Amino acid sequence: MDRNDTNALAVSLFSEILMTDQLARNRMTKALPKGMELSHFSVLNHLAHPGAERSPAQLAKAFHVTRGAMTNTLSKLEMAGYVHIRPDWDDARRKMVAISPAGREARDRALSGISPIISELVHEIGDARVRAILPVLRELRGKLEQE
């Protein structure tokens, strides 16, 4: 494959990824409970795992956003009663974030809204084809995270 073909392939790949991302975000946002944003769901989902208490800086790094953007999201989640933010007992300059019972319930409601959409898409595409593309997408994400 020559350089022009490789460039065209790369542009096609990223065009598809970006359009797929936009369409998926739009569809999932419509299925979320009223007032919940996709960023809120993502943070709640991340914190829903046992022992998943994190600092705002750790969350910002995990989601590849600025600390300011994560602070904004966490403030909205705290005002809604979905997270508890406490001082770090080992370093009073830091804070730690944990999901609240109300946050877990909101995350579960959101998940029940988006799960049928995602499951239907996987069913239509086929389990085997989705399993086949996951390693490629993970490798691509890993390469992008290195930069």
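Residue numbers (this note's numbering): 308 to 454.
Even for Gly, the Cβ is constructed at its ideal location relative to N, Cα and C.
Please read all numbers here as calculations on a predicted model, not as lab measurements.
query                                                                                             : result
Would you report the Cα separation of Ser322 and Asp328, rounded to the nearest angstrom?         : 10 Å
For Asp395 and Gly410, I'd like the C-alpha separation in whole angstroms.                        : 20 Å
For Ala399, name the three-state secondary structure that DSSP assigns.                           : coil
What residues match up with His391 in a beta bridge as DSSP calls it?                             : Ala405
Which residue or residues does DSSP assign as beta-bridge partners of Arg361?                     : Val404
In terms of residue numbering, what span does the alpha helix (DSSP H) encompassing Thr378 cover? : Arg374 to Met386
Are Arg393 and Met377 close, meaning C-beta to C-beta below 8 Å?                                  : no
Three-state secondary structure (DSSP) at Pro340?                                                 : coil
Mind checking His371: buried by the 16 CB within 10 Å criterion, or exposed?                      : exposed
In terms of residue numbering, what span does the alpha helix (DSSP H) encompassing Asp309 cover? : No alpha helix (DSSP H) contains Asp309, which DSSP labels as neither H nor E.
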